[in-house]
Amino acid sequence: MEKSERSAKMLEFVRKLVDDENVQLRNGFSSCLKPTVLDCSYEDSTLTIAYDMTLAHTDMDGSVAKGILATVLDLSCGILVTGLNGSSYPPTIRINANFICPVHTGDTLICRSYARNFGSKTVNLYCEAFTKDHDGPVATATCVFISPRVWAS
Amino acid sequence: MVIYMSDNYSESSLWMRGNVESLFNAVRRVDASKKRITSVMEPEFYDCSFEEKWLTLSFEVLDCELNPNKTMMGGLIATALDITYGVLVISLTGQDSPPTINLNVNFVRPIAAGDTLLCTAKVTSWGKKVIHLSCEGICKSNGKTAVSSTAVFLSPDQWQSES
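Protein chains in written order, with this note's numbering: chain A, 1 to 153; chain B, 154 to 316.
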C-alpha cells in the first residue's frame, strides 16, 4: 500500500534524525545501537526500527542485557514521539518493560512502537520487540514521555 | 571519593561484599578489553547489608553514556539499575543471577556528565517463584533522587528447576 504524504515526510524526518544522532553521538552509546528505521505510519502513529545486537550489548551470561532491551524500547518510543511531532527528543518519565525471552548476539531486534495517546502534557506509548527466532514478542514496554510541547516551553 | 562502611559490616555482610568483589574481578578478567556493557559502565561496590538485603553500587557518568541533552541516557540508567539488581541477587545467594522478568523505571531528575549515580537496590520480597526488588538512584553530587524503580526477577530455585 502506498504511503500517505505525511507518513513519507515522517519517514524521511525520522531517518535523518537517526543519522544525525549517530553522527552527533559517534562516540556515545546510542550510536553503537545503530538503529535502522524500517517503516512508519503517521496516521496510525506507529514506527518500526531494527537494531543489530552485538557483543557490546551483552551481559556476562552472553545474552543481551535487559537494560539494553529497555534502552532500545525507550529509544524506539522516543524516536516515534519526535517523528510524530517533528521536534527535539523529549525526556522519558517512566518505562515499564517486560522481558519474555532472552535475546542473543547476532539477533536483529525489530521494535514496533505505537503512540496510544498524545496528550497536551504527556505521551503514552507501547512498544514490542521481536526476533526472527521467536513467534511472539521477546520484550514489551509501556512508556510515558513529556509532551514535546511542554518540553519545548 | 568512595566511602565504605567497613567498620559496621557483620560477618554475613562481609561475605556479601566478598561476593560482589569476586564477581567484579571475574568480570574484569573475562572482559579485560571492556567490550560488554557490564564492563563499559564500570560499576563499583559502595555499600551493602546482608541482614537488610540491600546493596549500593556506584556508576560514574561517562561521556559515552550521554544523550543529546548532555545528561545520562535513560536506557543506560535502566541498565545501571538492572546491573544493581542482578549483583544484589548474586551477592545474597553466591550463585548466578536469574533473569529479570520486569523492570519499571521512573525518571525523576537528569544526571549530569561527571556526576556519579548511586543505585541502592533492596529486596522487597523473596518468594519461591519470583523475587520483588526496588531501587533508588541518587546523584552523588547533591543527594537528590534521580530515579526510582521496581523489578521482578525469577527466583534462583525456580530458574534452576526450569533450566
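For glycine and all other residues, C-beta sits at the position ideal for the given N, C-alpha and C.
None of the values given here were measured: they were computed from a predicted structure.
Residue i classed as buried or exposed, judged by whether at least 16 other C-beta atoms fall within 10 angstroms
i               : result
S165 of chain B : exposed
A299 of chain B : buried
A185 of chain B : exposed
G78 of chain A  : buried
R170 of chain B : buried
I156 of chain B : The pLDDT assigned to I156 of chain B is 45, lower than 50, so where the model puts this residue is not dependable; a value taken from the coordinates is nonetheless given after this. Answer is exposed; the Cβ neighbour count stays below 16.
D19 of chain A  : exposed
V144 of chain A : buried
D44 of chain A  : exposed
S163 of chain B : exposed
T277 of chain B : exposed
A152 of chain A : exposed
N98 of chain A  : buried
Proximal chain A residues relative to residue i, where beta-carbon distance stays under 8 angstroms
i               : result
I120 of chain B : Here chain B comprises residues numbered 154 to 316, so residue 120 of chain B is not present and cannot be evaluated.
8 angstroms Cβ cut-off: residues of chain B touching residue i
i               : result
T82 of chain A  : By Cβ distance, chain B contributes nothing, its closest Cβ being about 11 angstroms from T82 of chain A, past 8 angstroms.
T131 of chain A : Going along chain B, no residue has its Cβ under 8 angstroms from T131 of chain A, so there is no contact; the nearest lies around 16 angstroms.
Whole-angstrom C-beta distance between residue j and residue i, which should lie under 8 angstroms
i               : j               : result
I49 of chain A  : S76 of chain A  : 5 angstroms
N172 of chain B : G247 of chain B : 5 angstroms
L234 of chain B : C272 of chain B : 6 angstroms
L176 of chain B : I236 of chain B : Their Cβ separation, rounded to whole angstroms, is 11 angstroms, which puts L176 of chain B and I236 of chain B out of contact at 8 angstroms.
T54 of chain A  : T105 of chain A : 6 angstroms
G121 of chain B : V180 of chain B : Outside the modelled stretch of chain B, which goes from 154 to 316, sits residue 121 of chain B, for which no answer is possible.
W312 of chain B : P251 of chain B : 4 angstroms
Beta-carbon proximity of residue i to residue j, cut-off 8 angstroms
i               : j               : result
R182 of chain B : A56 of chain A  : no
S4 of chain A   : Y42 of chain A  : yes
L73 of chain A  : C40 of chain A  : no
V103 of chain A : A115 of chain A : no
D59 of chain A  : T303 of chain B : no
I254 of chain B : L210 of chain B : no
Within chain A, the residues that residue i reaches when beta carbons sit closer than 9 angstroms
i               : result
V283 of chain B : Residues of chain A passing the Cβ test: none, with the nearest at roughly 13 angstroms.
Where residue i meets chain B, residues with beta-carbon distance less than 9 angstroms
i               : result
T140 of chain A : Those do not exist, as T140 of chain A stays about 10 angstroms from chain B at its closest Cβ, beyond 9 angstroms.
D19 of chain A  : Within chain B, no residue comes near D19 of chain A; the closest Cβ sits about 13 angstroms away, beyond 9 angstroms.
| said: Counting only Cβ-Cβ distances shorter than 8 angstroms, please list the residues of the segment 90-122 of chain A near chain B, keeping chain order. | reply: The residues in question are P91, T92, I93, R94, I95, N96, A97, N98, F99 and P102.
| task | Could you run through the segment 256-276 of chain B and flag, in chain order, every residue whose CB is less than 8 angstroms away from some CB of chain A? | result | Listed in sequence order: L256, N257, V258, N259, F260 and P263.
| What residues in the segment 187-221 of chain B bring their beta carbon closer than 8 angstroms to a beta carbon of chain A? | Of all residues in the segment 187-221 of chain B, the ones placed with a Cβ closer than 8 angstroms to any Cβ belonging to chain A are K188, R189, I190, T191, V193, D216, C217, E218, L219, N220 and P221, in chain order.
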